[in-house]
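Going down the list, the protein sequences come from chains A and B.
Just so you know, we're using full-length UniProt numbering here: the first sequence kicks off at 1 and counts up by one.
Just so you know, we're using full-length UniProt numbering here: the second sequence kicks off at 1 and counts up by one.
Where a beta carbon is used, it is the ideal one built from N, C-alpha and C, also for glycine.
Protein chains: 2
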Amino acid sequence: MHRSLLAPALGAFLSLPAAMSPASAQQRFPSSVGDLAVETVASGLENPWGLAFLPDGRMLVTERPGRLRLVAGDGKLSAPITGVPSVTGRGQGGLLDVTLDPNFAQNRLIYLSFAEPRAGGNGTSVARARLNERGTALEGMSVIFRQMPTINSNMHFGSRLVFDRTGALFVTVGDRYSQRDQAQNPANHIGKVIRIRPEGGAPADNPKKQGWQTEIWSIGHRNVQGAALHPDTGQLWTAEHGARGGDEVNTPKAGLNYGWPVVTYGIDYSGAKIGEGTTKAGMEQPLFYWDPSIAPSGAAFYTGPVWPAWKNSLFVGALAGQMLIRLSTQGETVTGEERLLTTLGERIRDVRQGPDGFLYLLSDAADGKVLRVRPAR
Amino acid sequence: MHRSLLAPALGAFLSLPAAMSPASAQQRFPSSVGDLAVETVASGLENPWGLAFLPDGRMLVTERPGRLRLVAGDGKLSAPITGVPSVTGRGQGGLLDVTLDPNFAQNRLIYLSFAEPRAGGNGTSVARARLNERGTALEGMSVIFRQMPTINSNMHFGSRLVFDRTGALFVTVGDRYSQRDQAQNPANHIGKVIRIRPEGGAPADNPKKQGWQTEIWSIGHRNVQGAALHPDTGQLWTAEHGARGGDEVNTPKAGLNYGWPVVTYGIDYSGAKIGEGTTKAGMEQPLFYWDPSIAPSGAAFYTGPVWPAWKNSLFVGALAGQMLIRLSTQGETVTGEERLLTTLGERIRDVRQGPDGFLYLLSDAADGKVLRVRPAR
């Protein structure tokens, strides 16, 4: 990908603070806690995929073709940060998620997931690097995880990155679409939830069952593109793209099997049946599933002060569904569903809570945006 | 209401077996267990509300303006059965639910809920009568329950009738819209789940807490129009119309408070806040809620042989939502939602499982229908 050579000029051109646009400021949407306003914080991002807030309030945002930028609160986009890994920027592949080290304030380390071009194909990989003080370059990059085997496919990279409370890093890796049966094979990294140390390698407390790759946390996943830690329990929650009618919410536990493609509530988009049914001994049931599919991507538990009634609600973006889902939760139960921004008409790729307690979304489009959701005035 | 004087002629006119209509036979709808076909079993029913299968396979169907008919498998409508109670057939009121005595095969007793015209207003009442052998008349009718006090309102009658395993009869009674605060007052029957003996009066094992009317099972309900017993546990499950964004599924337990209008996930249709929030000590949380509202009416657990994957799924009709909801359940948890028949364009008032294992629906319309849902061929 050579687009990044052009990007500094584009970045300057696109730095209008779109939040000041009257059109976007007037969008109001009903919700259970009063009308919401959706403001455009930044635009001109090409298929933005992952968003992470820096301690200073700026955002790191990936663009799928292979760029990483800083987005300021006034919507200004930085020039692309140099030193990002090369990516396979085709289909669903590219530069994907970004997250900060738990000690970023001290070490300035960040983590990127990406579709890595390799001999014979590609695969999801995770790199770690230091963001320089000026925020213009990544330094000292190392690849700390490579999904194996390499497959020649442009689909189902998974790729969310979430640190747990022990300092280990969850990486969700997809089934590469063509390899779905391998999601049941613990000898590889296809269709798994991975858990690694921040410098690479398996933590001591991974399941490491006989025949399992040591980096594997759980198996039987199709394509997890939403992941968040529960704010009270520290449990990982995931939102997974299912087949037609089989999008799932799970709470992946160490060493368990989440069933894909043997048990699923979905069917092939062709209409063909998949696997053996919806239940099987030794395979976990989802906590909740959607049918028709919404295509979930991005997940965040709400913990902020702006909407106290939404404390511990799980927000999930919807690509095909073009809305923001709020699931109310109690323990490990989904107790309600609210469908928000249903008339916004945007594919939602990621959702995060900002340091201001508002919700921030990425819209998946050639002219993608950072959107801020706040109470309407 | 004097329409019933015309009805025998209308009934003859409308007795075409609509299931043979090519148009209706061609309607196909996707589902998680393959395409569904929706066939019109009978039409020409004016706002049908409740459906009960007789042992011989025929259906008793109420029409809200105040008629009760037998519907044969070929779609023929009987003349209105004589001897039904007079009803307040305005607004949401009229002849509402119908259910059979558990010993109907021996005693031919049936139960009807209805908006009863009374001095100063109206209220939900329940009558019991014997269906004569020819199925043309009700005999020996007695009113076994009257919701008190009488209110002058055309709204929120509730009215589902469900026998539990002990032989007691649950009656869901609404908050009459204008009386919502009374749903918290156990000294009356406004906004409650009622449990009575089939001859009237309170069973010995009702909660009968201090200050509670003896017929009350649970309090704090707005307008429950879907109710069914869980096939394995015998627990009552209800689907309740909430305010905007607050439709609920509950499993009402003896003596508990379900919160309306103090706690709710809904808001007024004006946009105004209701009550104190979504949670409060001493008030039960719903098992699941919908936002936006779907307006649930009718509920049935599936236990038939046609779709084994749907065993113990709770089907709920949607009026405003114009679809059939399937909730997969595990214990007292909702684990998934499937939205079916979303392009049918019918308000679904009731849903029942037929003796053939297919699903039967009532469409709420001036020319309402009995619809049968079966696998598409």
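Continuous beta strand (DSSP E) stretch holding residue i: start and end
i, result
"residue 106 of chain A", "Here residue 106 of chain A belongs to no beta strand (DSSP E); instead the alpha helix (DSSP H) covers 104–107."
"residue 246 of chain A", "Looking at the DSSP string, residue 246 of chain A is not in any beta strand (DSSP E), and its letter there is neither H nor E."
"residue 226 of chain A", "224–229"
"residue 59 of chain A", "59–63"
"residue 290 of chain B", "288–291"
"residue 273 of chain A", "That residue, residue 273 of chain A, is in no beta strand (DSSP E); it is neither H nor E in DSSP."
"residue 198 of chain A", "Unbroken run through residue 198 of chain A: none, as it is neither H nor E."
"residue 299 of chain B", "296–301"
"residue 137 of chain B", "Counting along the chain, residue 137 of chain B falls outside any beta strand (DSSP E), and DSSP gives it neither H nor E."
"residue 319 of chain A", "No beta strand (DSSP E) contains residue 319 of chain A, which DSSP labels as neither H nor E."
Three-way DSSP call (helix, strand, coil) for residue i in this model
i, result
"residue 184 of chain B", "helix"
"residue 375 of chain A", "strand"
"residue 49 of chain A", "strand"
"residue 237 of chain B", "strand"
"residue 308 of chain B", "helix"
"residue 117 of chain B", "strand"
"residue 132 of chain B", "coil"
"residue 341 of chain B", "coil"
"residue 148 of chain B", "coil"
"residue 215 of chain B", "coil"
"residue 346 of chain A", "coil"
"residue 154 of chain A", "coil"
"residue 351 of chain B", "strand"
"residue 324 of chain B", "strand"
"residue 173 of chain B", "strand"
"residue 257 of chain A", "strand"
"residue 330 of chain A", "strand"
"residue 94 of chain B", "coil"
"residue 358 of chain B", "coil"
"residue 28 of chain B", "strand"
Rounded Cβ spacing between residue i and residue j (contact assumed at less than 8 angstroms)
i, j, result
"residue 37 of chain B", "residue 27 of chain B", "6 angstroms"
"residue 304 of chain B", "residue 353 of chain B", "6 angstroms"
"residue 297 of chain B", "residue 349 of chain B", "5 angstroms"
"residue 87 of chain B", "residue 116 of chain B", "7 angstroms"
"residue 288 of chain B", "residue 336 of chain A", "6 angstroms"
"residue 196 of chain B", "residue 171 of chain B", "7 angstroms"
"residue 124 of chain B", "residue 157 of chain B", "5 angstroms"
"residue 247 of chain A", "residue 218 of chain A", "17 angstroms between Cβ atoms; not a contact."
"residue 282 of chain B", "residue 257 of chain B", "6 angstroms"
Residue burial classification, residue i (beta-carbon count within 10 angstroms, cutoff 16)
i, result
"residue 417 of chain A", "Nothing about residue 417 of chain A can be reported from this structure: the residues present for chain A run from 1 to 377 only."
"residue 276 of chain B", "exposed"
"residue 23 of chain B", "With a pLDDT of only 40 at residue 23 of chain B, under the threshold of 50, the placement of this residue in the model should not be trusted; the figure read from the coordinates follows. The residue is exposed, with fewer than 16 neighbouring Cβ atoms inside 10 Å."
"residue 198 of chain B", "buried"
"residue 92 of chain B", "buried"
"residue 180 of chain B", "buried"
"residue 266 of chain B", "buried"
"residue 366 of chain A", "exposed"
"residue 369 of chain A", "buried"
"residue 204 of chain B", "exposed"
"residue 167 of chain A", "exposed"
"residue 142 of chain A", "exposed"
"residue 62 of chain A", "buried"
"residue 44 of chain A", "buried"
"residue 191 of chain A", "buried"
Through-space distance from residue j to residue i, alpha-carbon basis
i, j, result
"residue 77 of chain B", "residue 68 of chain B", "10 angstroms"
"residue 46 of chain B", "residue 372 of chain B", "18 angstroms"
"residue 323 of chain A", "residue 89 of chain B", "40 angstroms"
"residue 279 of chain B", "residue 330 of chain A", "12 angstroms"
"residue 104 of chain A", "residue 131 of chain A", "9 angstroms"
"residue 220 of chain A", "residue 189 of chain B", "51 angstroms"
"residue 200 of chain A", "residue 144 of chain A", "4 angstroms"
"residue 241 of chain A", "residue 316 of chain B", "26 angstroms"
"residue 249 of chain A", "residue 29 of chain A", "25 angstroms"
"residue 269 of chain A", "residue 243 of chain A", "7 angstroms"
"residue 262 of chain A", "residue 107 of chain B", "50 angstroms"
"residue 64 of chain B", "residue 363 of chain B", "12 angstroms"
"residue 165 of chain B", "residue 321 of chain A", "42 angstroms"
"residue 210 of chain A", "residue 318 of chain B", "49 angstroms"
"residue 55 of chain A", "residue 346 of chain A", "28 angstroms"
"residue 112 of chain A", "residue 101 of chain A", "11 angstroms"
Residue i: CB within 7 angstroms of a non-hydrogen atom of the ligand HEM
i, result
"residue 350 of chain A", "Here there are no bound small molecules, and the ligand HEM is not part of this structure."
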